[in-house]
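**Q** Read top to bottom, the protein sequences are chains A and B.
Per this note's numbering, the first sequence runs over residues 698 to 810.
Per this note's numbering, the second sequence runs over residues 659 to 769.
Beta carbons are placed, not taken as given, at the ideal position from N, Cα and C, and that holds for glycine.
I'd like to ask some things about the structure below.
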Amino acid sequence: NAGVTQTPKFQVLKTGQSMTLQCAQDMNHNSMYWYRQDPGMGLRLIYYSASEGTTDKGEVPNGYNVSRLNKREFSLRLESAAPSQTSVYFCASEPPSSYNEQFFGPGTRLTVL
Amino acid sequence: DAKTTQPPSMDCAEGRAANLPCNHSTISGNEYVYWYRQIHSQGPQYIIHGLKNNETNEMASLIITEDRKSSTLILPHATLRDTAVYYCIVSSTGTASKLTFGTGTRLQVTL
Numbered sequence: 698n699a700g701v702t703q704t705p706k707f708q709v710l711k712t713g714q715s716m717t718l719q720c721a722q723d724m725n726h727n728s729m730y731w732y733r734q735d736p737g738m739g740l741r742l743i744y745y746s747a748s749e750g751t752t753d754k755g756e757v758p759n760g761y762n763v764s765r766l767n768k769r770e771f772s773l774r775l776e777s778a779a780p781s782q783t784s785v786y787f788c789a790s791e792p793p794s795s796y797n798e799q800f801f802g803p804g805t806r807l808t809v810l
Numbered sequence: 659d660a661k662t663t664q665p666p667s668m669d670c671a672e673g674r675a676a677n678l679p680c681n682h683s684t685i686s687g688n689e690y691v692y693w694y695r696q697i698h699s700q701g702p703q704y705i706i707h708g709l710k711n712n713e714t715n716e717m718a719s720l721i722i723t724e725d726r727k728s729s730t731l732i733l734p735h736a737t738l739r740d741t742a743v744y745y746c747i748v749s750s751t752g753t754a755s756k757l758t759f760g761t762g763t764r765l766q767v768t769l
């Protein structure tokens, strides 16, 4: 099992550009999450998906959209990137009845100039 | 979800036990205590969780006080590879549980 994979690992954007961060898991998990982590801070939840076909806002959803393409894949889209979105983005997945044991990907380091 | 308070940093000598405290005085009856850690810039890693009983697994032990207002994560024999930021999180369980990560405790294990 590859676990949770994220692409790309690094990305530099100019203000106003758009991009999609990809996340996939091969563990047959139901729930998936997107977090961002700013320097020296903890993780903040952007969006989550309890199951295929459902998505909900987290703590900091503004400026982002998500798509739960199927059970394996959960993508995060920045429509018009801003410097404030410079951060490390982590995707996570969670099996059903897991007592909050989330499995995290390696992260995508995004810089917006 | 209840808020947690952790010291910003701690040191521990290699081979000794690392005891990481966490206060969660507003925890409610259906909320669990979870511990995750983040090594360098990797994604966080689940360590252990508990409701009111002490718990132990291959990585660590979790001691929760009887009133559940505080807990301690114990790494029995810390190694250099345990150097990381440790997050104490309080949350109820359920479908798509939402975890709130604070700033955690930065544990430095030294020779």
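Given this structure, state the Cα-to-Cα distance separating B/Y690 from B/H707, to the nearest angstrom.
**A** 7 Å
**Q** What is the DSSP secondary structure of A/D723, counted as helix, strand or coil?
**A** coil
**Q** In chain B, which residues lie less than 7 Å from A/G739 when you measure between Cβ atoms?
**A** Correct list: Y745, F759, G760, T761 and G762.
**Q** Does the region 707-725 of chain A touch the region 775-784 of chain A, meaning 3 or more C-beta pairs lie closer than 8 Å?
**A** yes
**Q** Taking the beta carbon of B/G701 as the centre, do at least 16 other beta carbons fall within 10 Å, making it buried, or is it exposed?
**A** buried
**Q** Give, in chain order, every unbroken run of the beta strand (DSSP E) that is at least 3 residues long and sits entirely within the region 693-768 of chain B.
**A** 703-708, 719-722, 728-733, 742-750 and 763-768
**Q** Just to confirm the assignment, what range does the beta strand (DSSP E) spanning B/P679 have?
**A** A676 to N681
**Q** Would you identify the three-state DSSP class for A/Q714, choosing helix, strand or coil?
**A** coil
**Q** Mapping the DSSP letters down to three states, classify A/S777 as helix, strand or coil.
**A** coil
**Q** From B/K727 to A/P803, what does the alpha carbon distance come to, in whole angstroms?
**A** C-alpha separation (whole angstroms): 33 Å.
**Q** Alpha carbon to alpha carbon, what distance is there between A/P705 and A/N725?
**A** Distance from the CA of A/N725 to the CA of A/P705, rounded to the nearest whole angstrom, comes to 22 Å.
**Q** Give a yes or no on whether 8 Å exceeds the smallest Cβ distance from B/S719 to chain A.
**A** By this cut-off, B/S719 is not an interface position.
**Q** Straight-line CA distance for B/K661 to B/V748?
**A** 7 Å
**Q** Does the Cβ-Cβ distance between B/L738 and B/A718 come in under 8 Å?
**A** no
**Q** For A/Q703, which of helix, strand or coil comes out of DSSP?
**A** strand
**Q** With 8 Å set as the bound, which would you pick, yes or no: does the beta-carbon of A/L775 sit closer than that to a beta-carbon of chain B?
**A** It does not; no Cβ of chain B falls within 8 Å.
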